[in-house]
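Top to bottom, those sequences are chains E and C. Numbers given in our numbering equal positions in the first sequence, counted from 1, plus 1. Numbers given in our numbering equal positions in the second sequence, counted from 1, plus 1. The beta carbon of each residue, even a glycine, is placed where N, CA and C say it ideally should be. Note that the structure is a prediction, hence the values are computed from the model and not measured.
There are 2 protein chains.
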Amino acid sequence: MSSTVFGVDVGGTTVKIGMFDPEGNKQAVWEIPTRTGDSGIYILPDIAASIQKKMADNDIRKDDVLGVGIGVPGPVDETGTVHNAVNLGWGTFNIRETMEGLMGVKVAAGNDANVAALGEQWKGGGKGHRDMVMVTLGTGVGGGILVGGRLVAGYSGAGGEIGHMHIEDDETEACGCGNYGCFEEYASATGVVRIGSRILKATRKASTLRDLPQLTSKDIFAAASAGDEVAVAITEKYGYYLGKGLAIVATVLNPEMIVLGGGVSKAGEDLIRLLKPSFTKYVFHGARDTRFALATLGNDAGMYGAARLVLQQR
Amino acid sequence: MSSTVFGVDVGGTTVKIGMFDPEGNKQAVWEIPTRTGDSGIYILPDIAASIQKKMADNDIRKDDVLGVGIGVPGPVDETGTVHNAVNLGWGTFNIRETMEGLMGVKVAAGNDANVAALGEQWKGGGKGHRDMVMVTLGTGVGGGILVGGRLVAGYSGAGGEIGHMHIEDDETEACGCGNYGCFEEYASATGVVRIGSRILKATRKASTLRDLPQLTSKDIFAAASAGDEVAVAITEKYGYYLGKGLAIVATVLNPEMIVLGGGVSKAGEDLIRLLKPSFTKYVFHGARDTRFALATLGNDAGMYGAARLVLQQR
Chain E
2 MSSTVFGVDV GGTTVKIGMF DPEGNKQAVW EIPTRTGDSG IYILPDIAAS IQKKMADNDI
62 RKDDVLGVGI GVPGPVDETG TVHNAVNLGW GTFNIRETME GLMGVKVAAG NDANVAALGE
122 QWKGGGKGHR DMVMVTLGTG VGGGILVGGR LVAGYSGAGG EIGHMHIEDD ETEACGCGNY
182 GCFEEYASAT GVVRIGSRIL KATRKASTLR DLPQLTSKDI FAAASAGDEV AVAITEKYGY
242 YLGKGLAIVA TVLNPEMIVL GGGVSKAGED LIRLLKPSFT KYVFHGARDT RFALATLGND
302 AGMYGAARLV LQQR
Chain C
2 MSSTVFGVDV GGTTVKIGMF DPEGNKQAVW EIPTRTGDSG IYILPDIAAS IQKKMADNDI
62 RKDDVLGVGI GVPGPVDETG TVHNAVNLGW GTFNIRETME GLMGVKVAAG NDANVAALGE
122 QWKGGGKGHR DMVMVTLGTG VGGGILVGGR LVAGYSGAGG EIGHMHIEDD ETEACGCGNY
182 GCFEEYASAT GVVRIGSRIL KATRKASTLR DLPQLTSKDI FAAASAGDEV AVAITEKYGY
242 YLGKGLAIVA TVLNPEMIVL GGGVSKAGED LIRLLKPSFT KYVFHGARDT RFALATLGND
302 AGMYGAARLV LQQR
């Protein structure tokens with residue numbers, strides 16, 4: 002009888018569930034809606050029921066299940082306690098204990114950006130690198146830190162929140178978190194657009210970007226690749242901030258590798274070329290050899306990492 | 002027969018050696034000179050001979066020795082390999098293997114600021130706090146990061162080099178490391194003096210500090226305590242930078258506690274009061290509850306931490 006582990010990535014609208022063997026080979030993936038109503042009280046029972054149905058359909062008994070790992074969009078500490086996941090309507094409670102009560106199998110829980118880092122380290126762009134940082138460049142900037150192959154969850158579950166490092170004193174617009182000058186205000190997809198709008202306003206140079214009804218990060222990188230001079234300047238400014246922020250992280254942690262994920266990372270190797278000059282300028286010399294890689298698991302990283310988390314904690 | 006562990010703190014001029022029982026009770030402390038000549042090849046043999054003499058004098062056999070831990074002023078990775086400790090004349094070699102060859106007992110090695118953090122966590126101001134950062138505010142700024150009670154050595158031994166985080170874009174003087182705007186340029190004892198000289202130049206206000214032949218960090222804090230207005234402004238500016246830098250560290254790691262050590266920490270609780278406003282302004286809200294404490298072991302922290310390091314690795 003083979004053994005099975007489930008990895009669950011809880012998003013604000015959809016829950017993605019993966020079934021894996023203990024070596025991390027994917028056996029099935031499916032999705033269910035995230036019911037965030039009534040303070041999100043149905044989310045975990047829905048997940049438990051869906052996994053139990055899958056188990057019944059595949060003739061998998063409880064004894065065959067090594068565990069269920071869960072990644073959620075909010076701070077989760079090492080004990081599995083979530084501290085306010087606003088997108089899910091959740092306050093503070095212990096996910097691990099609750100889910101173990103519902104399912105009767107071993108459960109582990111972590112922050113979604115953190116478990117994504119673990120997934121990339123297990124099966125993706127950071128494979129085999131025990132001291133690794135993953136930065137997810139999406140609408141916001143998420144981070145996950147691995148030391149000796151294990152996640153740094155942080156004392157109250159906020160470990161790896163590198164999107165909210167202060168890196169710019171002159172910022173006048175507030176970040177979503179309420180602070181001014183957070184890394185996320187520049188290094189996210191939204192940051193690319195903010196930098197772009199500012200540069201477009203500050204120059205009279207012609208640019209194909211001026212013709213667009215709404216500027217996106219993707220447009221800007223595409224125009225830069227096509228040789229648009231203003232777009233090139235925008236991506237260079239973006240790379241400046243990305244490199245500067247990651248230099249601070251590398252100086253603090255001296256990781257072997259930084260993995261770049263999220264929507265902006267679709268810009269590919271270009272991104273690494275763009276961040277290198279300011280990274281090299283600002284990083285401490287002892288961490289100058291930090292390697293960079295692109296994430297390879299895309300939206301599956303969270304599922305893989307959640308499965309890995311529960312395997313690590315057995 | 003009781004068991005014994007030795008903790009060794011190698012400085013640029015003096016080696017401090019402590020003899021402890023396994024619970025960390027200090028049984029003896031002594032010093033020997035650091036012979037940095039001939040690329041520092043005598044340093045480890047001198048230490049081994051000195052410990053062996055102490056063992057003979059106290060009738061301690063090799064079998065009674067749990068291990069020897071060594072902290073050195075340079076980057077040391079998890080395997081015990083040092084990567085250029087310039088103050089000792091050392092290039093790259095494995096301290097653990099070399100010293101085990103000399104002594105025939107278990108050896109562990111780490112960076113001095115890192116093992117000092119481990120010492121404070123074991124027996125000092127951070128006692129019992131597994132997720133802890135220690136910052137040593139001396140001539141420079143050293144850092145040590147503990148996650149789950151274990152040191153973050155970093156891939157090439159440069160973990161916790163928070164003194165070299167970039168925190169100020171407008172700096173025109175270079176840091177010792179060659180970069181501009183490092184945390185250490187403001188948060189060290191030297192930083193207090195630099196901030197002081199700049200403020201004294203920028204104002205015409207009377208200050209007792211103007212009468213001093215040479216400004217020191219200690220003078221500035223003393224004058225501030227005595228109510229000197231300019232000195233108060235200097236310490237507030239110092240607190241601003243200290244809080245800002247530590248806010249970045251806390252945002253990345255979400256530690257339970259930050260322990261302040263080194264010469265400047267003799268300013269005591271005042272220091273915590275001074276750093277709090279900018280810490281609270283710049284830190285991510287999820288890490289806002291980070292607690293602060295003062296180091297309590299002084300120059301003994303390295304010895305304690307070195308002993309603890311080898312006990313952890315047994």
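Anything in chain C within Cβ reach of LYS245(E), meaning under 8 Å, just list it in chain order. The contacting residues are HIS167.
3-residue-minimum beta strand (DSSP E) runs that sit fully inside the stretch 176–251 of chain E, ordered along the chain: With a minimum length of 3 residues, no continuous beta strand (DSSP E) run stays inside the stretch 176–251 of chain E.
Contacts of PRO76(E) in chain C (Cβ-Cβ under 9 Å): Simply ASN255, GLY287.
C-beta neighbour in chain C for ALA159(E), strict 7 Å: For ALA159(E), the nearest beta carbon of chain C is closer than 7 Å to its own beta carbon.
So what does ASN95(C) bridge to, in DSSP terms? Answer is THR82(C).
Which residues of chain E have a Cβ atom closer than 7 Å to the Cβ of VAL148(C), listed in chain order? Residues of chain E whose Cβ lies closer than 7 Å to the Cβ of VAL148(C) are, in chain order, VAL148, VAL153.
Buried or exposed for ALA21(C), please, with buried defined as at least 16 other CB atoms from any protein chain shown within 10 angstroms of its CB. Looking at the sequence itself, residue 21(C) is Phe, so the reference to Ala does not match. Buried, since its Cβ has 16 or more Cβ neighbours within 10 Å.
Length of the line joining the Cα atoms of GLY90(C) and VAL83(C): Answer to the nearest angstrom: the Cα atoms are 12 Å apart.
Just reading off the beta strand (DSSP E) that ALA119(E) is part of, what are its end residues? Strictly speaking, residue 119(E) in this sequence is Leu, with Ala absent from that position. Premise fails: LEU119(E) lies in the alpha helix (DSSP H), 113–124, not in any beta strand (DSSP E).
Which residue marks the beginning of the beta strand (DSSP E) containing ARG292(C), and which one marks its end? First-last of the beta strand (DSSP E) with ARG292(C): 292–295.
Which same chain residues, not among the five before or five after VAL69(E), have their C-beta less than 7 Å away from its C-beta? Same-chain partners within the cutoff: PHE7, VAL9, ILE52, MET100, MET104, VAL106, VAL108, VAL311.
Are the Cβ atoms of TRP31(E) and TYR305(E) separated by less than 7 Å? Contact flag unset, no.
Which residues bound the beta strand (DSSP E) around GLY158(C)? Here GLY158(C) belongs to no beta strand (DSSP E), and DSSP marks it neither H nor E.
Could you tell me whether any Cβ in chain E is nearer than 7 Å to the Cβ of THR281(C)? Not one chain E Cβ lies under 7 Å of THR281(C).
Leaving aside the five residues before and after LEU295(C) along the sequence, list all residues of the same chain whose C-beta is less than 6 Å from its C-beta, in chain order. Contacts found: GLY126, LEU261, SER266.
Going along the chain, which residues of its own chain have a beta-carbon closer than 6 Å to the beta-carbon of CYS183(C), five neighbours each way excluded? The residues HIS165, CYS176, in chain order, have a CB closer than 6 Å to that of CYS183(C) in the same chain once the five nearest residues on each side in sequence are set aside.
Does the beta-carbon of PRO278(C) have 16 or more other beta-carbons within 10 angstroms, so that it is buried, or is it exposed? Classification of PRO278(C): exposed, given that the 10 Å Cβ count is below 16.
Does the beta-carbon of ALA227(C) have 16 or more other beta-carbons within 10 angstroms, so that it is buried, or is it exposed? ALA227(C) comes out exposed.
Can you give me, in chain order, the residues of the stretch 188–202 of chain C that have a beta carbon less than 7 Å from any beta carbon in chain E? If the cut-off is 7 Å between Cβ atoms, the stretch 188–202 of chain C has nothing near chain E.
Would a C-beta distance cut-off of 7 Å place ILE200(C) and TYR239(C) closer than the cut-off? In this structure, TYR239(C) does not lie closer than 7 Å to ILE200(C) by Cβ.
Any C-beta of chain C sitting closer than 7 Å to the C-beta of ASP113(E)? No, because no Cβ of chain C sits closer than 7 Å to the Cβ of ASP113(E).
Give the straight-line distance between the Cα atoms of GLU162(C) and PHE285(E), rounded to the nearest whole angstrom. Approximately 8 Å between the Cα atoms of the pair.
If you draw a straight line from the alpha carbon of TYR242(C) to that of LYS245(E), how long is it in whole angstroms? If you draw a straight line from the Cα of TYR242(C) to the Cα of LYS245(E), it comes to about 18 Å.
If distances are taken between C-alpha atoms only, which option among ALA188(E), GLU169(E), VAL66(E), VAL253(E) comes closest to GLU185(C)? Between GLU185(C) and the set ALA188(E), GLU169(E), VAL66(E), VAL253(E), the nearest pair of CA atoms involves VAL253(E).
When the Cα of ALA288(E) is compared with those of ALA225(E), GLU257(E), VAL231(E), which residue comes out closest? The shortest C-alpha separation from ALA288(E) is found at GLU257(E).
Own chain partners of ILE316(E) with C-beta closer than 6 Å, once the 5 adjacent residues on each side are dropped: Nothing in the structure corresponds to residue 316(E), since chain E is present only between 2 and 315.
Reducing DSSP to helix, strand and coil, say where PRO23(C) ends up. Coil at PRO23(C), not helix or strand.
Buried or exposed, going by whether 16 or more other CB atoms sit within 10 Å of the CB of ASN26(C)? Classification for ASN26(C): exposed.
From the beta carbon of TYR239(E), is the nearest beta carbon of chain C less than 7 Å away? Not closer than 7 Å to any Cβ of chain C, the Cβ of TYR239(E) fails to qualify, so no.
Please look up how many angstroms separate the CB atoms of VAL134(C) and GLY303(C), rounded, as I've assumed it's under 8 Å. Incorrect: roughly 17 Å between the Cβ atoms, too far for contact.
Assumed close pair GLY111(E), ALA154(E) - CB separation to whole angstroms, cut-off 8 Å: With 8 Å as the limit, GLY111(E) and ALA154(E) qualify as a contact, their Cβ atoms being about 6 Å apart.
Could you say which of GLY141(C), ASP113(C), VAL142(C), GLY149(C) lies nearest to LYS128(C) if we only look at CA atoms? Cα-wise, what sits closest to LYS128(C) is GLY149(C).
So who's on the other strand from LEU261(E), going by DSSP bridges? Answer is VAL136(E), LEU295(E).
Answer yes or no: do ALA248(E) and THR236(E) have a C-beta to C-beta separation smaller than 7 Å? Against a cut-off of 7 Å, the Cβ pair of THR236(E) and ALA248(E) comes out as no contact.
Check the Cβ of GLY179(E) against every Cβ in chain C and list those closer than 9 Å, keeping chain order. Neighbours of GLY179(E) in chain C, taken as residues whose beta carbon is under 9 Å from its own, are HIS286 in chain order.
Quick check on this structure: which residue in VAL87(C), ASN88(C), ILE71(C) has the alpha carbon closest to the alpha carbon of THR80(C)? Of VAL87(C), ASN88(C), ILE71(C), the residue nearest in Cα terms is ILE71(C).
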